[in-house]
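Q: In our numbering, the protein residues as written are 226 to 1045.
From the three backbone atoms N, C-alpha and C, an ideal C-beta is built for every residue, glycine too.
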């Protein structure tokens, strides 16, 4: 059934509506009219409003349900719960044998294709008042276009309006008549504004009426068309149309009373080819005879040209697809099982199988999938059923007839109809074997590179440990030798050994620190930092350097000592690196360190300025001074020693704290480095006056040093012999014996103990004893990476002292635990 053939039924329905003065008679006539249509075999009205009869109006086509009580059939239909549910949902109930559908049990003996039957139902409602339901039993739902359902819904709405009109008392009937006349005028005007040509023709081919659209196609005026023969107007013929030996379709409409649609090809006076669709619809009088034919003409030239162009492009695309090593396929989902209906010729090359065989035998396609990957395909189908996601992407392997394996990338698009039912799957399968093999190769290379990096870190850590352990003894004994002797020659040698050792240590420290910072393993450790204490430590460290170089060293302190929360270790290292750089390149004049605070409402900044009167930096080298291993003087003839890592480390540490660094410099005049570092205040800020550099807080204290290297143990003993009582354990057994004999105030624990348990195990066992739960146990080790330090703290150590150890740093660290 087409929209055009249904137009005459709609016209009759509106004549019934317009001429009716009784709602029930009108509904009964509409049932009879609709039941005359081929696909509409049973029509009934289900009243819901008491103003209508309490009877169900119905009408069945001849030959359907003649021997049965139609009202009983209606009762069975309305008691079908699935019909009621679908009516409320979308107005269409597709009848099937599933779920014991009562509708199916009724119609199963009357329809050849039972699964195509359906019931269309729409409400006859006006405003908020619902009068009834219009129900239509349809033989084949697939033959009814969506436009007809829309027309039926509009018809139901107009029926409801008519019922409301007949059942409502109107105060001003003249106004209604006027409005009705205006509506007719409006509809007539609307008709004349329609794009299609609408021509009314009598049995003698005379044009009796026409809308203004006629001018759009023929170019003739309305008065030129009225009264003329239709075939002369449409085709320029002098007698009725006779296409392909057939009489004019209009005569068939007059005879049968049924609509007919044809497509004509026309050639205009300019020689232009046009295509038109002509719908011949019968216009019947009250006795049912066809008096006239309404001819609706639509110009479909653009549509036909587009279809022809689309067809040509489709052929072209198929030719392109068949020339590529990509497989295009199409699966039909309308049946019980998906059916492969198209494969491009690329399948022959990618799969190594004739595509015609794969289309004929569906198992060939699935059986080619690598057995381990088949569950993946099933999983995708289940996911689609669950999520209804129309796009599927996956990768899987296939086995070709020659037993070679290929990787396939699959992308699909699933199309559905208006009700959400899946119809077809369109897909693209591409051979990505080379890409996949390269990806696997890259993954293997990445894994090897990762293993290489781990090996490098492991190797570097061990080298670090093996260098620091003997270097600790060298530095210790050198310092002892310098303190214990007064001979000038030995003193001079000791200074040189100490200087060389410190240089080696600084080099190693710089490399290790750079490795930590670049690997992002360095974590910030916030604590309370006294700015005065920090300045005194820095001033003490560089005072001797300033004296040796005969350079003035000036420290400009802030107005008051402020305690901040920051990473004290990083702050010291930043100042050390900047001051070391300043003294290195300043041979006369001064080096100045200035610290000030920039405190605002929402942020606090610690500002550090390091100025010198050194050699300065050339403008073209200002961009590279923060790069690793770069110096102001480079090459074989460089003037200054060092690794070139100082400023690199300083910049990375500043950025780790969330700060920034800038530099101003002029060659021969000097340089100024400015650092801004954000900070927070501790919860309780205290003003400090001065610093106690004595050892009063160590009096009466006793510490245990657990160190398996005798030379390192002796160094530590000499460092501490005049400051605090010290005992030494060379292995874990001695450590346990001494810790049971004495209750120590602090334990310095070496990590790598040769005999017995490791330092970590010894620490954990000591912590299990009640008397040592509050005693600080500090890791004393040459494993100095930040990740090592974090690991030791996580294991339970209270602190961390890296080797090699400077005497002052060791004393300050020990005193810090007793201050706590």
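(1) Which of the three DSSP states is assigned to residue 283 in this structure?
(2) With a threshold of 8 Å on Cβ separation, who are the neighbours of residue 582 within its own chain once the five nearest residues in sequence on each side are excluded?
(3) For the beta strand (DSSP E) that contains residue 561, what are its first and last residues?
(4) Could you spell out the range, first to last residue, of the beta strand (DSSP E) harbouring residue 618?
(5) Can you list the beta strand (DSSP E) stretches of 3 or more residues lying completely in the region 817–861, in chain order?
(6) Which of the three DSSP states, helix, strand or coil, is assigned to residue 358?
(7) Going along the chain, which residues of its own chain have a beta-carbon closer than 6 Å to the beta-carbon of residue 519, five neighbours each way excluded?
(8) Would you identify the three-state DSSP class for residue 963, choosing helix, strand or coil?
(9) Say whether the region 322–336 touches the region 660–667, bearing in mind that this needs 3 or more beta-carbon pairs closer than 8 Å, one atom from each stretch.
(10) Would you decide whether residue 672 is buried or exposed? Buried here means 16 or more other CB atoms lie within 10 Å of its CB.
(11) In chain order, what residues of the same chain lie with their CB nearer than 6 Å to the CB of residue 898, ignoring the 5 residues before and after it?
(12) Mind checking whether residue 318 and residue 311 have CB atoms under 8 Å apart?
(13) Between the Cα of residue 962 and those of 941, 950 and 987, spot the shortest distance and give me the residue it belongs to.
(14) Do residue 940 and residue 702 have their CB atoms nearer than 8 Å?
(15) If you draw a straight line from the alpha carbon of residue 827 to that of residue 903, how long is it in whole angstroms?
(16) Once you ignore the five residues that flank residue 517 on each side, which residues in its own chain have a CB closer than 6 Å to its CB?
(17) Is the Cβ-Cβ distance between residue 761 and residue 923 less than 8 Å?
(18) Along the chain, where does the alpha helix (DSSP H) containing residue 491 start, and where does it finish?
(19) Less than 8 Å between the CB atoms is what I'm expecting for residue 358 and residue 348, so what's the real figure, rounded?
(20) Please state the DSSP three-state secondary structure of residue 991.
(21) Measure from the alpha carbon of residue 775 to the alpha carbon of each residue in 543, 248 and 814, then state which is nearest.
(22) Can the beta-carbon of residue 595 be found less than 8 Å from the beta-carbon of residue 553?
(23) Tell me, which residues are paired with residue 1008 by DSSP?
(24) Using CA coordinates, which residue listed in 954, 387, 958 and 304 is at the minimum distance from residue 972?
(25) Under DSSP, the alpha helix (DSSP H) around residue 235 begins and ends at which residues?
(26) Do the region 491–502 and the region 474–482 meet, that is, are 3 or more Cβ pairs less than 8 Å apart?
(27) Counting only the same chain and skipping the five closest in sequence on each side, list residues whose C-beta sits under 6 Å from that of residue 793.
(28) Compute the Euclidean distance between the alpha carbons of residue 934 and residue 1037, then round it to the nearest angstrom.
(29) DSSP on residue 257, reduced to helix/strand/coil?
(30) Just reading off the beta strand (DSSP E) that residue 1051 is part of, what are its end residues?
(31) Near residue 568, which residues of its chain fall below 7 Å by C-beta distance, leaving aside the five closest residues on each side in sequence?
(32) Starting from the C-beta of residue 257, find all residues in its chain whose C-beta is less than 7 Å away, skip the five residues before and the five after it, and write them out in chain order.
(33) Can you grab the Cα-Cα spacing for the pair residue 260 / residue 603, in whole Å?
(34) Would you kindly work out how many angstroms separate the C-alpha atoms of residue 995 and residue 970, rounded to a whole number?
(35) Using three-state DSSP, classify residue 320 as helix, strand or coil.
(36) Could you check if residue 999 is buried or exposed, using at least 16 other CB atoms within 10 Å of its CB as the buried criterion?
A: According to the structure data:
(1) strand
(2) 589
(3) Taken as a continuous stretch (DSSP letters only), residue 561 belongs to no beta strand (DSSP E), as it is neither H nor E.
(4) 616–624
(5) 829–837
(6) strand
(7) 425, 506 and 508
(8) helix
(9) no
(10) exposed
(11) 803, 835 and 888
(12) yes
(13) 987
(14) yes
(15) 11 Å
(16) 425, 427 and 508
(17) no
(18) Where residue 491 is concerned, there is no enclosing alpha helix (DSSP H), although the beta strand (DSSP E) it sits in stretches over 485–492.
(19) 6 Å
(20) helix
(21) 814
(22) no
(23) None; residue 1008 has no bridge partner.
(24) 954
(25) 228–244
(26) no
(27) 752 and 754
(28) 23 Å
(29) helix
(30) No information on residue 1051 is available, as it lies outside the stretch 226 to 1045 that the chain covers here.
(31) 552, 554, 580, 583 and 584
(32) 284
(33) 47 Å
(34) 14 Å
(35) coil
(36) exposed
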